[in-house]
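**Student:** 1 is the number of the first residue of the sequence shown in full-length UniProt numbering; add one for each residue after it.
Even for Gly, the Cβ is constructed at its ideal location relative to N, Cα and C.
Values in this document were obtained by computation on a predicted structure and should not be read as measured data.
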Amino acid sequence: YPEIQPIGEDLKSEYEVWDDKSTKTNFNEPLPMREYHYTDRFDYGQDLYPSSDKEMRVVFFGMIGTFVLLHYFCNNFFARHDEALPKQFPFTYEGHGTYWHKSNIKRNIHYTFEPAEPAEGSE
Numbered sequence: 001y002p003e004i005q006p007i008g009e010d011l012k013s014e015y016e017v018w019d020d021k022s023t024k025t026n027f028n029e030p031l032p033m034r035e036y037h038y039t040d041r042f043d044y045g046q047d048l049y050p051s052s053d054k055e056m057r058v059v060f061f062g063m064i065g066t067f068v069l070l071h072y073f074c075n076n077f078f079a080r081h082d083e084a085l086p087k088q089f090p091f092t093y094e095g096h097g098t099y100w101h102k103s104n105i106k107r108n109i110h111y112t113f114e115p116a117e118p119a120e121g122s123e
């Protein structure tokens, strides 16, 4: 077979009469070996990946740096919404350390199921 120069379909003339208009090829025309099915806007001359070690390092550290900067700015300069109410824990622990003695635990009552006392003079 002849040495086929790969030419993207977008580079071929759209005004020429082709046997197959979708791929811009003629009957019995030798085609380069392709590993893709839909070639819309595919360019053979385009280098899709960085080729040298320096380019790969620049891309890698550029991505890492971008994520670190985004994390820093989003956490330090944009307002975060605090909770509407403080959390209601059932107990208050007074003391230090990881072991809590029973005498240091105090019960918190945030609500009760008792009926409200009627106001004076409402009866």
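#1: How would you call lysine 24, buried or exposed, if buried means at least 16 neighbouring beta carbons within 10 angstroms?
#2: Can you tell me which of the three DSSP states isoleucine 105 falls into?
#3: Could you give the DSSP three-state label for aspartate 20: helix, strand or coil?
#4: Smallest Cα separation from glutamate 3: which of Tyr15, Val17, Glu29 and Asp19?
#5: Please report how far the alpha carbon of glutamine 5 lies from the alpha carbon of proline 32, in whole angstroms.
#6: Kindly indicate the opening and closing residues of the alpha helix (DSSP H) around lysine 54.
#7: Between the beta-carbon of isoleucine 105 and the beta-carbon of phenylalanine 89, is there less than 7 Å?
**Tutor:** Reading off the structure:
#1: Here the question's residue 24 lines up with position 24 in the sequence shown. Flag for lysine 24 reads buried.
#2: Translated into the one-based positions of the sequence shown, residue 105 becomes position 105. In this structure, isoleucine 105 counts as strand in the three-state DSSP scheme.
#3: The count along the sequence shown starts at 1 and reaches residue 20 at position 20. When secondary structure is reduced to three states using DSSP, aspartate 20 falls in the strand class.
#4: Position 3 of the sequence shown, counted from the start, is the residue given in the question as residue 3. Looking from the CA of glutamate 3, the closest CA among Tyr15, Val17, Glu29 and Asp19 belongs to Glu29.
#5: Counting from one through the sequence shown, the residue named residue 5 turns up at place 5. Counting from one through the sequence shown, the residue named residue 32 turns up at place 32. In a straight line, the C-alpha of glutamine 5 is about 8 Å away from that of proline 32.
#6: What you label residue 54 is simply residue 54 of the sequence shown in a count that begins at 1. 53-76 is the span of the alpha helix (DSSP H), which, as asked, contains lysine 54.
#7: Here residue 105 is taken as the residue at index 105 of the sequence shown, counted from 1. Here residue 89 is taken as the residue at index 89 of the sequence shown, counted from 1. No, these two residues do not count as a Cβ contact at 7 Å.
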